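Here the structure comes first, spelled out in structure tokens, and everything after it is commentary.
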Amino acid sequence: MLHPHSLYYDHLKPAELDFLRQATAFVAREVAPHAAEWEEREELPRELFTQAGRAGLMGMLAPKAVGGQELSMLCYCLVIEEIARHCGAFAMNMAAHNALCVGHPLGYASDELKRKIFPSVLNGDWMVAWALTEPNAGSDTGGVETTATLRPDGTWELNGHKTYITMGLHSDRMIVMAVSGRDERGKKEFSAFWIETKDITPVRKVPTSGVRASNTSEFHLRQVPAELIGARGKGQHAALACLDGGRLGIAAMALGLGRAAVAIAQERMLTRQQFGRRLADFQALQFKLADCEVELRAAEALLLPPCVMHARGQKFSFEASVAKLYASEAASRAANTALQICGGWGYTRDTAVERCWRDARLCEIGEGSSEVQRLIISRAVLKEAEARCGLAGAAPGTART
Ligand SMILES: Cc1cc2nc3c(=O)[nH]c(=O)nc-3n(C[C@H](O)[C@H](O)[C@H](O)COP(=O)(O)OP(=O)(O)OC[C@H]3O[C@@H](n4cnc5c(N)ncnc54)[C@H](O)[C@@H]3O)c2cc1C
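All residue numbers for the sequence shown refer to the numbering used here, where the first residue is 72 and numbers rise by one.
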């Protein structure tokens, strides 16, 4: 049987394969043995991020010129998948960090700001959070109410309320999306800002169902000094562009969680006896495994086109939505099936299968919910159909992600 990844390895450079091997060894040594304990404590240790930075995991997509690893999107996704097999919370943190917290300033910050923040954001010295979501702004990013005000001395200050922010209260620095003014038609102008986390007012670590070890945070911004990232008014465009890569990371995370859950179920089927036979001998369960395998392979196959397009410098938003939507729902289904195969034991916290199931669920919500992905996909195919049919018409609405 062909290993599902073996074809992908042909797309990796020798140095990328080496990195993947080293990352796999890092995860086996530093992450896998502690994931259950971190879940119990609902916290990832700070040293883990320092170690990850030193191992290159916090600058996977950044160019070597700024201290990054300059890996392809495909190699990055394979690393995220590998991390997720052992710890969904850490995989989510690494995915958010690389795609959003590094990707945003890398693509849009001034050279002066880049000099200030690189390589600290890549080598584990600084943890960074990326804050878009607010109580009234989730799928609809236009609902952002945090304001950025230009002070008389030419500096900016932020006031507002952010929630569900990964690594928020544990971070050292943050990228914050805010309303920096209105255009001539009264429409909100969005900009991105760089702030120091010490200046925020913490509210709480949000108690999540899955990814419990991740610091999902809520906080206020009260007269927080801020530095503009890139051009004023271009924050939303930059945020949405970064989310394309972000979605591929979430798709990869979902795949790792689905694979991990199914691996546990397979082992259980081979070792557990009922009615004098192994669970593996019951066709009803065998067929469940077959369905999981096909769906996870389909999800893997959907991840490749956007990665290739990224390598070619092509826009891959549509393909990222397709990959993220399918992988997150397939992984959730696979983890749910795996839990069912494991029976009562699967529902206990004695096994990681229930953790994978809870963690996979997040992938259907974060970085654009499944419904938002369906909006993006359906609008694009309708727009194409309009063009094909020679019918004029604008695609409806705009939304996150
Ligand atoms: C663990 C975790 C980590 C997160 N990390 C971050 C982070 O680091 N930074 C950050 O900025 N945000 C983060 N988020 C926020 C996340 O991106 C949002 O939760 C997500 O975008 C959905 O927004 P919402 O929760 O406000 O849901 P809502 O927008 O309130 O949506 C509720 C439901 O309605 C559906 N819906 C909404 N609009 C439509 C529509 N037009 N058509 C059909 N259905 C619709 C949604 O799909 C969803 O099912 C995180 C969230 C979680 C849970």
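Don't be surprised by glycine CBs; every beta carbon is placed ideally from N, CA and C.
The structure displayed is predicted, hence computed values, not measured ones.
- Under the DSSP assignment, W416 falls in the alpha helix (DSSP H) whose first and last residues are S388 to Y418.
- Taking a cut-off of 8 Å for Cβ pairs, the region 357–371 and the region 278–297 do not touch, as fewer than three such pairs fall below it.
- In this structure, N169 keeps its C-beta atom at 8 Å or more from the C-beta atom of G329.
- If you draw a 10 Å sphere on the C-beta of K454, you find fewer than 16 other C-beta atoms in it, and that means exposed.
- In the DSSP annotation of this structure, the continuous segment of the beta strand (DSSP E) that includes L229 starts and ends at W227 to T237.
- Under the three-state reduction of DSSP output, R349 falls in the strand class.
- Distance between L396 and I448, taken at the CA atoms: about 10 Å.
- For S262, there is no enclosing alpha helix (DSSP H); the enclosing beta strand (DSSP E) covers residues K259 to E267.
- The alpha-carbon of T220 is positioned some 5 Å away from that of W227.
- In the DSSP assignment, the residues bridged to W201 are I246.
- Looking at the DSSP output, E298 shares a beta bridge with W265.
- Shown here for V173: same chain residues with a beta carbon closer than 8 Å to its own, the five before and five after excluded, namely M129, G130, L132, A133, G139, V192, L193 and V199 in chain order.
- Under the three-state reduction of DSSP output, T422 falls in the coil class, being neither helix nor strand.
- In terms of CA proximity to A208, Y235 leads the group Y235, P223 and F189.
- Inclusion of S441 and E390 in the CB contact set at 8 Å is not warranted, their separation being larger than that value.
- Within the same chain, and ignoring the five residues on either side of G159 in sequence, the residues whose Cβ sits closer than 6 Å to its Cβ are V282, L328 and D430.
- Looking at M165, K135, F261 and E111, the one whose alpha-carbon comes closest to that of T121 is M165.
- In the DSSP assignment, A208 forms a beta bridge with E205.
- For R450, the enclosing alpha helix (DSSP H) begins and ends at S441 to R459.
- For R125, the enclosing alpha helix (DSSP H) starts and ends at R117 to R125.
- In this structure, T279 has its CB closer than 7 Å to one or more heavy atoms of ligand 1.
- Proximity of the region 334–345 to the region 177–192 falls short of the contact definition, fewer than three beta-carbon pairs being nearer than 8 Å.
- For A200, the shortest C-beta to heavy atom distance toward ligand 1 is below 7 Å.
- The C-alpha of H232 lies about 19 Å from the C-alpha of R253.
- Relative to the Cα of A284, the nearest Cα in the group G124, R450 and C427 belongs to C427.
- The criterion of a C-beta distance shorter than 8 Å is not satisfied by M324 and I436.
- The DSSP-derived three-state label of R186 is helix.
- In its chain, beyond the 5 residues on either side, V98, V102, A103 and A106 have a beta carbon closer than 6 Å to the beta carbon of H157.
- Comparing C-alpha distances from C146 to each of L374, Q385 and L462 shows the shortest one belongs to L374.
- Following the DSSP letters along the chain, one finds A180 in no beta strand (DSSP E), marked with neither H nor E.
- Per DSSP, reduced to three states, the secondary structure at S285 is coil, with no helix or strand assignment.
- Closest option to W265, judged by alpha-carbon separation, among K258, R256 and R303: R303.
- DSSP places P104 outside any beta strand (DSSP E), giving it a letter other than H or E.
- R156: member of the alpha helix (DSSP H) spanning M144 to H157, first to last residue.
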